[in-house]
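Novice:
Residue numbers (the UniProt record's numbering): 1 to 269.
(1) Look at the alpha carbon of residue 123 and the alpha carbon of residue 67, and state the distance between them as a whole number of angstroms.
(2) May I ask whether a heavy atom of the ligand ZN can be found less than 7 Å away from the beta carbon of residue 169?
(3) Tell me, please, which residues DSSP counts as bridged to residue 137.
(4) Are three or more beta carbon pairs between the segment 25-38 and the segment 92-100 nearer than 8 Å?
(5) Under 8 Å: do the segment 165-176 and the segment 76-84 share three or more Cβ pairs, one atom per stretch?
(6) Assuming residue 147 and residue 24 are in contact, meaning their beta carbons sit under 8 Å apart, how far apart are those beta carbons, in whole angstroms?
(7) Once DSSP output is grouped into helix, strand and coil, what is the label at residue 146?
(8) Measure the CB-CB distance between residue 70 and residue 52 and report whether it falls below 8 Å.
(9) Compute the Euclidean distance between the alpha carbons of residue 22 and residue 134, then round it to the nearest angstrom.
(10) In its own chain, which residues sit with a C-beta less than 7 Å from the C-beta of residue 141, not counting the 5 before and 5 after it?
(11) Considering only residues of the same chain and omitting the five flanking positions on each side of residue 151, which have a CB-CB separation below 7 Å?
(12) Per the DSSP calculation, residue 34 is bridged to which residue(s)?
(13) Excluding five sequence neighbours on each side, which residues of the same chain lie with their C-beta closer than 6 Å to the C-beta of residue 85?
(14) Taking the continuous alpha helix (DSSP H) assigned at residue 85, which residues delimit it?
(15) Which one of 120, 55, 162 and 40 has the shortest CA to CA distance from residue 92?
(16) For the alpha helix (DSSP H) that contains residue 71, what are its first and last residues?
(17) In or out: residue 130 buried (at least 16 other Cβ within 10 Å) or exposed?
(18) By how many angstroms is the C-alpha of residue 109 removed from the C-alpha of residue 155?
(19) May I ask which residues mark the beginning and end of the beta strand (DSSP E) holding residue 165?
(20) Between residue 128 and residue 82, how many whole angstroms is the CB-CB distance? I'm expecting something under 8 Å.
(21) Taking the alpha carbon of residue 73 as the reference point, which residue from 90, 58 and 43 has its own alpha carbon closest?
(22) What span of residues does the alpha helix (DSSP H) with residue 130 cover, start to end?
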């Protein structure tokens, strides 16, 4: 059963799954591309790697990257991750760009809200500023690690990469569960929308989306059983993410079903 389903059925005004915006990955505006980046530096050795992921306004995976960058501090690793991401955005003509990172100090460096600590930081920030000037629209914001797990995992994968790696359209297996999590969170926020006012309609919303979640998990299991079938799972992720747009339709169907059930119960009594 969906967690809290009974509560939702019995209390139509109850809202579930609400997460602070800075902890949750959210889709960018229509026409914009969002880059989530992350850098990692191992304590003691300073061996560093970077990673990042691009998704569009529908939440669809476009591109991921990961690579080792030698020895670097954590702040340098974060800056290099952002720089590499913006460079890839320019190469792909994604000129309306939103970027998010989980290191607030580094985001502040990029947005010129914090004094630079080192010459190396300054060099990377200047490179980033030069690239930002080539974009049509740009915004950088902080997100907590809970909402940046795809980029975090890609950065960790970078440690294992003998050479820089880029994934287009189809993500690596290691981040599929995190992509699904980001899609699920958005669906949950839609499914518990307060516009669904009746207990019956809200309950049917929950059940319909639970079926959708189960279908997605089934696709993921099939992908694990058949290596190389990532494309089918990527399509499933796309379908689930896009389903958010159909929430009004689902709500109308739910309300209609609730009315029918109410009539049946009235006649039965």
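The beta carbon of each residue, even a glycine, is placed where N, CA and C say it ideally should be. Bear in mind the structure is a predicted one, so any value in this text is a computation, not a measurement.
Specialist: If we stick to the structure as given:
(1) 20 Å
(2) Here there are no bound small molecules, and the ligand ZN is not part of this structure.
(3) 96
(4) yes
(5) no
(6) 5 Å
(7) helix
(8) no
(9) 27 Å
(10) 100 and 107
(11) 36, 37, 38, 51, 52 and 53
(12) 55 and 98
(13) 35, 37 and 52
(14) 74-91
(15) 55
(16) Here residue 71 belongs to no alpha helix (DSSP H); instead the beta strand (DSSP E) covers 61-71.
(17) exposed
(18) 20 Å
(19) 165-168
(20) 6 Å
(21) 43
(22) 119-132
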